[in-house]
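Written out below as structure tokens is the structure these notes cover.
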Ligand SMILES: Cc1cc2nc3c(=O)[nH]c(=O)nc-3n(C[C@H](O)[C@H](O)[C@H](O)COP(=O)(O)OP(=O)(O)OC[C@H]3O[C@@H](n4cnc5c(N)ncnc54)[C@H](O)[C@@H]3O)c2cc1C
């Protein structure tokens, strides 16, 4: 039986590049669609039974596809890894992605923080739009088709090996994603494949991941969600990064948007052996003076109540015993009888509640994988490998990672777009 690649070639004219795309996540889907649009003969190989499983759970099933932040702000969300993306974003950025989906009939909404979602609130609708586009483009998709090997010769790509068969081609776009949430199919295969083609890997580690903290305070508040707090990450007692928004307590630590935002820096600092502490300001709208005035006012008007009852106006119920225990004020102390020193301790705690960070959850629980294929080995104008001709790399497999807010998916779509367009132009 001839390989299915041959069948596909025979059914088309022979002018275009033969391009194999590995991985049907957002990067691979965009790449293969663009390559097909540009006239290439395309084959998309996906190892799972269904495409884009991670995309379908993104944004808690609502899929935050991008963010309307302007380019400098957008790039800043990638930290040190952002500058590599400048060229890809110049070619295909947020407005282009939004126009692309709208042209496919997908309505979009922009929410708080500039985050863009499908108006239906359903991530699978994003996938459905992409699959429709690929069908129109005549892309061949093979599911349950894991790629085990890349074949190379004379420093250029020759083909791929999947299900024991070699598939010859002119270009390969490697878009196998990172190593987080492995049940979605992103098990880190691409790192091994890229290494086989001569690439180096910046050590992978979890990013956008819950943190673990010392002591039993958090466990007592497990499940409690705090809104509108400001948190600082302290590394060796120096403020390193801050975030504003929601934070949630777990049995062994903290999670939620604020924590995920700070987690990448926290993980890296811990891996370098530094002391990492989280400082939460529970009353960011009040400076110390205003907070003290508020406490004094409350005490003057409700001095006969005990301190636990008085604090109900300032803290969620579950936090009150934890707070009083940590600042060593008996919960039944009459509010009017707390000393100036005790009031100062309370005020300081409300503005600077500290948790020592002792660890982080594993890659399985991380929203993205930090580290990956060294971007110094990739041409940012084309996404082509500088080491193996005809090999293009896109998406989270690269050493790029951003905060939450739609930045990671835009990076996958933009690098996929550029890889698809470039690969189709010939190598
Ligand atoms: C729970 C969760 C929620 C998220 N929410 C958001 C969000 O709302 N907004 C946002 O911007 N980002 C979000 N992200 C991150 C975002 O989903 C990823 O950055 C993005 O999916 C990466 O796209 P990708 O195409 O590079 O890789 P992936 O989406 O990981 O796709 C890679 C594909 O390659 C396939 N594959 C792997 N190995 C092989 C092989 N050997 N052969 C063939 N196929 C293979 C995999 O099965 C998979 O289908 C979220 C991530 C998670 C885990």
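In the numbering used here, the protein residues as written are -14 to 412. Every residue gets a Cβ at the ideal spot worked out from N, C-alpha and C, and that includes glycine. Predicted model, so just to flag it, every value in this text is computed and none were measured.
- Separation of residue 20 and residue 408 (C-alpha to C-alpha, rounded to the nearest whole angstrom) is 7 Å.
- The nearest non-hydrogen atom of ligand 1 is 7 Å or more from the C-beta of residue 41.
- Look at residue 18: its beta carbon is at least 7 Å from all of the heavy atoms in ligand 1.
- Distances from the CB of residue 393 to the heavy atoms of ligand 1 include at least one below 7 Å.
- With three or more CB-CB distances shorter than 8 Å, the stretch 49 to 58 counts as touching the stretch 79 to 87.
- A residue is called buried when at least 16 other Cβ atoms come within 10 angstroms of its Cβ; residue 317 does not meet this threshold and is exposed.
- Given a length threshold of 4 residues, each whole run of the alpha helix (DSSP H) inside the stretch 319 to 374 is given here in chain order: 325 to 336.
- According to the DSSP assignment, residue 275 belongs to the alpha helix (DSSP H) that extends over 273 to 287.
- Residue 261 has its alpha-carbon roughly 26 Å from the corresponding atom of residue 163.
- Residue range 79 to 88 is occupied by the alpha helix (DSSP H) that includes residue 79, with no beta strand (DSSP E) assigned at that position.
- For residue 96, the shortest C-beta to heavy atom distance toward ligand 1 is 7 Å or greater.
- Each of 166, 149, 178 and 400 was checked against the Cα of residue 347, and the nearest Cα belongs to 166.
- When beta bridges are read from the DSSP output, residue 291 appears opposite 319.
- Excluding its 5 nearest sequence neighbours in each direction, residue 339 has C-beta neighbours in its own chain below 6 Å: 262 and 264, listed in chain order.
- DSSP, read as helix, strand or coil, puts residue 194 in coil.
- Every beta strand (DSSP E) of 3 residues or more that sits fully in the stretch 153 to 177 is shown, in chain order, as 156 to 159.
- In this structure, residue 352 lies away from residue 218, with their beta-carbon atoms at least 8 Å apart.
- By alpha-carbon distance to residue 343, the top candidate from 41, 10 and 259 is 259.
- Counting only the Cα atoms, residue 292 lies some 12 Å from residue 324.
- Judged by the Cβ position, residue 38 qualifies as a neighbour of ligand 1 at the 7 Å threshold, a heavy atom of the ligand being closer than this.
- With distances taken between CA atoms, residue 109 lies nearest to 45 out of 45, 135 and 141.
- Fully contained in the stretch 4 to 86 are the following beta strand (DSSP E) runs of length 3 or more, in chain order: 26 to 30.
- When 235, 209, 238 and 269 are compared, the shortest CA-CA separation from residue 227 is found for 269.
- Residue burial annotation: residue 394 is buried, with at least 16 other C-beta atoms found within 10 angstroms of its C-beta.
- Close CB contacts of residue 114 within its chain, under the 8 Å cut and outside five residues either way in sequence, are with 86, 89, 90 and 91 (chain order).
- When the five nearest sequence neighbours on each side are left out, the beta carbons in the same chain lying within less than 7 Å of the beta carbon of residue 188 are those of 356, in order along the chain.
- Where residue 228 is concerned, the enclosing beta strand (DSSP E) starts and stops at 223 to 234.
- Annotation for residue 202: the continuous alpha helix (DSSP H) segment containing it runs 202 to 205.
- A distance criterion of 7 Å places the beta-carbon of residue 174 in contact range of ligand 1, judged by its closest non-hydrogen atom.
- Taking 7 Å as the cut-off, the C-beta of residue 267 does not count as close to any heavy atom of ligand 1.
- In this structure, residue 145 keeps its C-beta atom at 8 Å or more from the C-beta atom of residue 137.
- The beta carbon of residue 213 lies closer than 6 Å to none in the same chain, with the five residues before and after it left out.
- Secondary structure of residue 249 (DSSP, three-state): helix.
- Excluding the 5 residues flanking it on each side, residue 104 has same chain C-beta neighbours closer than 7 Å at 92, 93 and 94, in chain order.
- Sequence-distant Cβ neighbours of residue 254 in its own chain, meaning closer than 6 Å and more than five residues away, are 220 and 261.
- The stretch 383 to 392 and the stretch 60 to 73 touch, with no fewer than 3 CB-CB distances between them shorter than 8 Å.
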